[in-house]
Amino acid sequence: TGSILATNVKDATPEVHQICCKMKPHSGKKFDVFTVKTFKTQVVVETNFFTLLSNVSLSPMHHSSGPSPSLSYVGGDEFMHLRVHKTLPHAGGKLELHRVQTPKTHNDPIGFF
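The opening residue of the sequence shown carries number 618 in my numbering; numbering runs sequentially from there.
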């Protein structure tokens, strides 16, 4: 089935790391460094990647729509989850960042969000 709950958590692969790197500009946050730890996938018609990132250091990023910068920091024992959608190859295999969850811990399960 397409259930995220039915898949096992896997160690991050170079492909998943590249996907997360491509999502950095779309997250609304500026990443100084991050490590992709684990991920799950959900395959329906297309693919959703659910990833766990650790030791993330986030810097202030100015948003043109807001009057002041937003500041977020996740590091040390804190983690974040990303949900990235990938279209089918015939549709261009495009990547879209659908959601970010932070702060998370290493023990927070990766699930649909």
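Glycine residues also receive a C-beta, built at the ideal position from the N, C-alpha and C atoms.
Contacts around residue i, its chain only, beta-carbon distance under 6 Å, and the 5 residues preceding and following it disregarded
| i | result |
| --- | --- |
| Ser681 | Residue confidence is low: Ser681 scores 33 on pLDDT, short of 50, so the model does not pin down where it sits. No coordinate-derived value is stated. |
| Asp725 | none |
| Thr630 | none |
| Gly643 | Here the sequence assigns His to residue 643, which means Gly is not the residue at that position. The residues are Leu714. |
Where the alpha helix (DSSP H) through residue i begins and ends
| i | result |
| --- | --- |
| His634 | 631-640 |
Minimum C-alpha distance to residue i - residue among the options
| i | options | result |
| --- | --- | --- |
| Gln635 | Val660, Val626, Asn625, Phe666 | Phe666 |
| Thr722 | His643, Lys654, Glu632, Lys627 | Lys654 |
Residues of its chain near residue i, where Cβ-Cβ distance is below 7 Å and the 5 sequence neighbours each way are ignored
| i | result |
| --- | --- |
| Leu699 | Cys637, Met640, Thr668, Leu670, Leu714, Val717 |
| Gly710 | Lys703, Thr704 |
| Glu663 | His702, Lys703, Thr704, Leu705 |
| Val633 | Val653, Phe656, Phe666, Thr668 |
| Asp628 | Thr655 |
Boundaries of the beta strand (DSSP E) in which residue i is found, first to last residue
| i | result |
| --- | --- |
| Val662 | No beta strand (DSSP E) contains Val662, which DSSP labels as neither H nor E. |
| Pro720 | 712-721 |
| Leu705 | From DSSP, Leu705 is part of no beta strand (DSSP E); its letter is neither H nor E. |
Own chain, CB closer than 8 Å to residue i, minus 5 neighbours either side, in chain order
| i | result |
| --- | --- |
| Ile727 | Ile621, Val626, Thr655, Phe656, Lys657, Phe667, Thr668, Leu669, His698 |
| Ala708 | Glu663 |
| Pro684 | Since pLDDT at Pro684 reaches only 30, below the 50 mark, its modelled position is unreliable, and the value read off the structure follows with that caveat. The answer is none, since no qualifying residue turns up. |
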